[in-house]
Amino acid sequence: MTAEAKITLAPDAVICTEAILTGTVTIGAGTVVHPAAEIRATNGPIVMAENNNVEELAVIENLNPDGETMFIGRDNVFEVSSMVQAARIGNNNVFGVRCFVGPQTTVTNGCSVGVKCRATMKEVLPENVVIYGETQTRRTASEPPLIQSGQLEYLRKVLPSFHYLAKRTS
Numbered sequence: 186m187t188a189e190a191k192i193t194l195a196p197d198a199v200i201c202t203e204a205i206l207t208g209t210v211t212i213g214a215g216t217v218v219h220p221a222a223e224i225r226a227t228n229g230p231i232v233m234a235e236n237n238n239v240e241e242l243a244v245i246e247n248l249n250p251d252g253e254t255m256f257i258g259r260d261n262v263f264e265v266s267s268m269v270q271a272a273r274i275g276n277n278n279v280f281g282v283r284c285f286v287g288p289q290t291t292v293t294n295g296c297s298v299g300v301k302c303r304a305t306m307k308e309v310l311p312e313n314v315v316i317y318g319e320t321q322t323r324r325t326a327s328e329p330p331l332i333q334s335g336q337l338e339y340l341r342k343v344l345p346s347f348h349y350l351a352k353r354t355s
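The sequence shown begins at 186 in the working numbering and counts up one residue at a time.
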């Protein structure tokens, strides 16, 4: 974590000190931020709700114009090396390994952006949309992705045994 950051952490959030948080960032209850993950409030604040999982090398960056806040809902998974700059993110989404979501895209609820897939247009992704494959195929899933509460519970127990954690501020 950087010294100039204005970071607010929920009491039961698990944030490894090797994570990089810059700018004005609020992390909700039960959220886990792994080592080497980056949360960059570049153009405005980032407010992340509860029970999100931000894995190693994932980058979440607010590039919204005019200092608008980037709101991130609950129960989202940002997998290893994903790069997410979405204007706004709803609940229960999965951002796959090495995917990219650009700053003009709004992600609603229950969406999955697959491994190495991209969403870069100015658009609102409909609920439960899945982007997958080399051709960036899109379809609507009949159900949202499963919430990974078991994985989060495990990480909350194990990470403190192997990493230093950031001090809570709320």
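Every residue, glycine too, gets a C-beta built ideally from N, C-alpha and C.
These figures come from a predicted structure and were not determined experimentally.
Residue i - partner residues in DSSP beta bridges
i	result
K191	T209
S297	V279 and V315
I332	None; I332 has no bridge partner.
V239	V218 and F263
E308	T290
R273	T291
R303	F285
V232	T211 and F256
Residue i: CB within 7 angstroms of a non-hydrogen atom of the ligand ZN
i	result
E223	In the structure shown, the ligand ZN is absent, as is every other ligand, since no ligand is present at all.
Which listed residue (the options) has its alpha carbon closest to that of residue i
i	options	result
T211	E264, T254 and A222	T254
R323	G208, L331 and V298	V298
N247	L206, R341, G335 and I231	I231
K307	V286, S327 and V314	V286
V262	G295, A272 and N249	G295
A226	A271, E240, E241 and A198	A271
S334	T320, S327 and K342	K342
N-terminal and C-terminal residue of the beta strand (DSSP E) that residue i is part of
i	result
R225	E223 to R225
R324	T322 to T325
T290	T290 to V292
E246	V244 to E246
Residues near residue i by beta carbon distance below 8 angstroms, same chain, minus five either side
i	result
G281	E264, S267, S297, V298, G299, V300, K301 and C302
M186	Unreliable placement is indicated for M186, whose pLDDT of 49 sits below 50; the coordinate value is still reported in the next sentence. Only I192, I200, T202, A204, I205, L206 and A351 meet the Cβ criterion.
A243	H219, A222, E223, F263, E264, V265, S266, S267, M268, V269 and F280
G318	G299 and C302
L337	G215, V217, N236 and N238
Other residues of its chain near residue i: CB distance less than 7 angstroms, five sequence neighbours each side excluded
i	result
A304	V286, G287, T290, V298, L310 and I316
G252	N228 and G229
M233	T211, I212, G213, T216 and I257
Close Cβ partners of residue i (< 6 angstroms) along its chain, the five nearest in sequence each way excluded
i	result
I245	I224 and V269
D260	N236, N276, N277 and I332
A188	Any reading at A188 must be qualified, since the residue scores a pLDDT of 43, below 50, and its modelled position is unreliable; no value is offered.
V279	V262, S297 and P330
R273	F256 and T291
L340	V217
8 angstroms Cβ cutoff, residue i in contact with chain B
i	result
T325	The structure shown contains no chain B, having only a single protein chain.
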